[in-house]
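From first to last, the protein sequence lines are chains W and E.
Just so you know, we're using the numbering used here here: the first sequence kicks off at 72 and counts up by one.
Just so you know, we're using the numbering used here here: the second sequence kicks off at 72 and counts up by one.
Number of protein chains: 2
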Amino acid sequence: MAFDTIETPAGKAGSVLGGSVNYFSTAASFYTTVQIVAVVGDDFPKTHLEWLSRRGIDVTGVQIAPGKTFHWVGTYDHNLNEAKTLSTALNVFAEFDPKLKEQHRKASYVFLANIDPTLQKSVLNQVENAQLVACDSMNFWITSKLEELKETLARVDILSVNEGEAYLLSGDKNIIRAAKYIRNLGPKVVIIKRGEYGAMLFTELGTFIAPAFPVEKVVDPTGAGDSFAGAFLGYLARAGATRDWIKNDSEKWEQTLRRAVLAGCVMASFTVEDFSLHRLMELSQEELTERSEQLLKMIKLV
Amino acid sequence: MAFDTIETPAGKAGSVLGGSVNYFSTAASFYTTVQIVAVVGDDFPKTHLEWLSRRGIDVTGVQIAPGKTFHWVGTYDHNLNEAKTLSTALNVFAEFDPKLKEQHRKASYVFLANIDPTLQKSVLNQVENAQLVACDSMNFWITSKLEELKETLARVDILSVNEGEAYLLSGDKNIIRAAKYIRNLGPKVVIIKRGEYGAMLFTELGTFIAPAFPVEKVVDPTGAGDSFAGAFLGYLARAGATRDWIKNDSEKWEQTLRRAVLAGCVMASFTVEDFSLHRLMELSQEELTERSEQLLKMIKLV
Chain W
72 MAFDTIETPA GKAGSVLGGS VNYFSTAASF YTTVQIVAVV GDDFPKTHLE
122 WLSRRGIDVT GVQIAPGKTF HWVGTYDHNL NEAKTLSTAL NVFAEFDPKL
172 KEQHRKASYV FLANIDPTLQ KSVLNQVENA QLVACDSMNF WITSKLEELK
222 ETLARVDILS VNEGEAYLLS GDKNIIRAAK YIRNLGPKVV IIKRGEYGAM
272 LFTELGTFIA PAFPVEKVVD PTGAGDSFAG AFLGYLARAG ATRDWIKNDS
322 EKWEQTLRRA VLAGCVMASF TVEDFSLHRL MELSQEELTE RSEQLLKMIK
372 LV
Chain E
72 MAFDTIETPA GKAGSVLGGS VNYFSTAASF YTTVQIVAVV GDDFPKTHLE
122 WLSRRGIDVT GVQIAPGKTF HWVGTYDHNL NEAKTLSTAL NVFAEFDPKL
172 KEQHRKASYV FLANIDPTLQ KSVLNQVENA QLVACDSMNF WITSKLEELK
222 ETLARVDILS VNEGEAYLLS GDKNIIRAAK YIRNLGPKVV IIKRGEYGAM
272 LFTELGTFIA PAFPVEKVVD PTGAGDSFAG AFLGYLARAG ATRDWIKNDS
322 EKWEQTLRRA VLAGCVMASF TVEDFSLHRL MELSQEELTE RSEQLLKMIK
372 LV
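Structure representation (structure tokens):
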């Protein structure tokens, strides 16, 4: 959970709602029920937690700590595929040590958002019987905590990273070789996000290349990756996909993963149309369905 | 027709065979017969013209002028999607004024490679009854001869340009809006090439997003765009596609264009695996078919 202050070629937004968990959970809530484990400061608007609750998102795992909420300040130039961080104030996030309540321990689908890999591992240690675990990371952890990150990766089913992160993690600037390298670290499923170019999915059965849904109005790419992950994992949860499918019905597994990637691409395309969660907050199921159908038409041959 | 001296992260190649028409015609010759209209200097190897002839490419339109062949010197850094020109020696190309022989005037499919738009228009004036005319251009002409280029574009069916060129031509850094703008200049079909991310096709019926075939070994991207265009137009020629299809059977038109775009993506993926035409020169029909099938598997959902 975060406040973001952002400047893009389309404009500026000061101290708006952001944070991986916000984008992820809102996106996932279009597909399934969601539980959040996070920390905010006492400056965080209760009305927003109430809004999440009304979407069926369980916020009882959101700890309110004395102090200020995490605050990220960033900017994008005309290359909207890459953010530049101007400042990061960890605030209450610096002391965050997630303790899972009983109901969270029993979650079937777990997304470890982009935090210290040691904390990701600590969450994994508290989770019982998860059917699928997905994980995100970033350059900062790849550089500063590579060994801890590798320990976490050895225990997750799915990793989603962007191109630059995949190259940094693998030490290889070729997407095919980078994905092979990362799959050897543990995750059977690797997703490499490519900004406006879409995403690639690498599994036991092959490679899937999904385009981004092309939008005419790109306001702010912040949260696109987390919205992608939320819709992706939400889609898998709604489908009831589990890691047993890999062995028992690998065709169904692959097909469901490919559909889930497209769901992620579609969701991300809405996120970028406005600052913060503004577009997702007003998104209807009908719009989601319509854009999904449009994207299918853009990749079909016959 | 050109000599290229190129440096990429994978190595160097000095004065190797290059030039749009070389890549285009070799690629197209996998699909159909090809006739070249071009100029070379008296330093150009006859053995290469003989090799083209053996591929069924008519080289009687290649004029041999006293002097040196066009020579391009360029480099790529780790961003293999964009070349940096170090020097361009036009040599005999400076005086090139294509005069078409009888057999060339009757060509059904015409590709106007990247030359001065005034010369492109002069070629168009000599062509009788072409079924489809495709055209390429580049930043240099967009900047220096925009009005002439627009006159040419008003008379072609298909334009293929890369992303940067599309943005420059349209004055808009959004791919959807840029394509709309360019289609309004004349070409009913616009293809925007995106390097390792593939290509987008814009037509009356909608948008198609094709991925590049991901290769593990990228040696030199030079000629990828021209190989793409060669396979694309060659595919359309083999299919017998004409601009009348737009009105008479728009579904077949759209489907054939989409298949042709994928053929272009596959061909380009071979070109980048080595310097010059080396990979295309040893490419077999079996390899082409196999990679086409692999690419289809990477975009299919069910």
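Beta carbons: idealized from backbone N, C-alpha and C, even for Gly.
| Item | Value |
| --- | --- |
| In DSSP terms, what W/TRP143 is bridged to | W/ASP75, W/THR159 |
| is_contact[E/GLU287, chain W] using C-beta, thresh 7 Å | yes |
| Enclosing alpha helix (DSSP H) for W/ASN210 [first to last residue] | 210-215 |
| Within chain W, partners of E/PHE279 - CB distance below 8 Å | MET369, ILE370 |
| Positions along the region 241-265 of chain W whose CB lies within less than 8 Å of some CB in chain E | LYS244, ASN245, ILE246, ILE247, ARG248, ARG265 |
| Residue burial classification, E/HIS142 (beta-carbon count within 10 angstroms, cutoff 16) | buried |
| Same chain, Cβ closer than 6 Å to E/VAL343, neighbours up to 5 away in sequence not counted | VAL289, PRO292, ALA295 |
| Local Cβ density within 10 Å of W/GLY85, reported as buried at 16 or more and exposed below that | exposed |
| Inter-residue spacing [alpha-carbon to alpha-carbon] between W/ARG248 and E/ASN200 | 48 Å |
| W/VAL194 - containing alpha helix (DSSP H), residue span | 188-197 |
| Rounded straight-line distance, which links the Cα of W/GLU353 to that of E/ALA283 | 35 Å |
| Residues of the region 323-345 of chain E whose Cβ lies closer than 9 Å to any Cβ of chain W, in chain order | GLN326, ARG329, ARG330, LEU333 |
| Short-range partners of chain W found in the region 99-128 of chain E, where Cβ spacing is below 9 Å | none |
| Buried versus exposed call for E/THR140 [16 or more other C-beta atoms within 10 Å across all chains shown] | buried |
| Where W/HIS175 falls, given that 16 or more other Cβ within 10 Å makes a residue buried | buried |
| DSSP three-state assignment for E/TYR180, whether helix, strand or coil | strand |
| Residue from E/LEU239, E/GLU234, E/PRO188 whose Cα sits closest to the Cα of E/ALA225 | E/PRO188 |
| Under the three-state DSSP convention, the category E/LEU328 falls into | helix |
| 7 Å CB neighbourhood of W/ASN93 in its chain, flanking five on each side removed | MET72, LEU348 |
| Partner residues on chain W for E/HIS34, Cβ-Cβ distance less than 7 Å | A question about residue 34 of chain E goes unanswered here, because the residues of chain E that appear run from 72 up to 373. |
| Neighbour flag for E/PRO282 against chain W, beta carbons, 7 Å | yes |
| First and last residue of the uninterrupted alpha helix (DSSP H) at E/GLY305 | 295-310 |
| Rounded distance between the beta-carbons of W/LEU171 and W/VAL108, thought under 8 Å | 6 Å |
| Pairwise C-alpha distance: E/SER340 and E/PHE303 | 13 Å |
| Endpoints, beta strand (DSSP E) assigned at W/ASP279 | One point to set straight first is that residue 279 of chain W is Phe, not Asp, in the sequence displayed. W/PHE279 -> beta strand (DSSP E) spans 277-281. |
| Local conformation of W/GLY235 per DSSP, three classes | helix |
| Straight-line gap, W/GLU222 to W/LYS192 (C-alpha atoms, nearest Å) | 8 Å |
| Cβ neighbours of E/HIS149 in the same chain (closer than 8 Å, five flanking residues each side left out) | PRO80 |
| Whether E/GLY269 touches E/PHE299 by CB criterion (7 Å) | no |
| Spatial neighbours of W/ASP114 in its chain, beta-carbon cut-off 6 Å, leaving aside the 5 residues before and after | LYS139, THR140 |
| Any chain E beta carbon closer than 7 Å to W/HIS149 | yes |
| Contact the region 259-266 of chain W vs the region 225-236 of chain W: 3+ CB pairs below 8 Å | yes |
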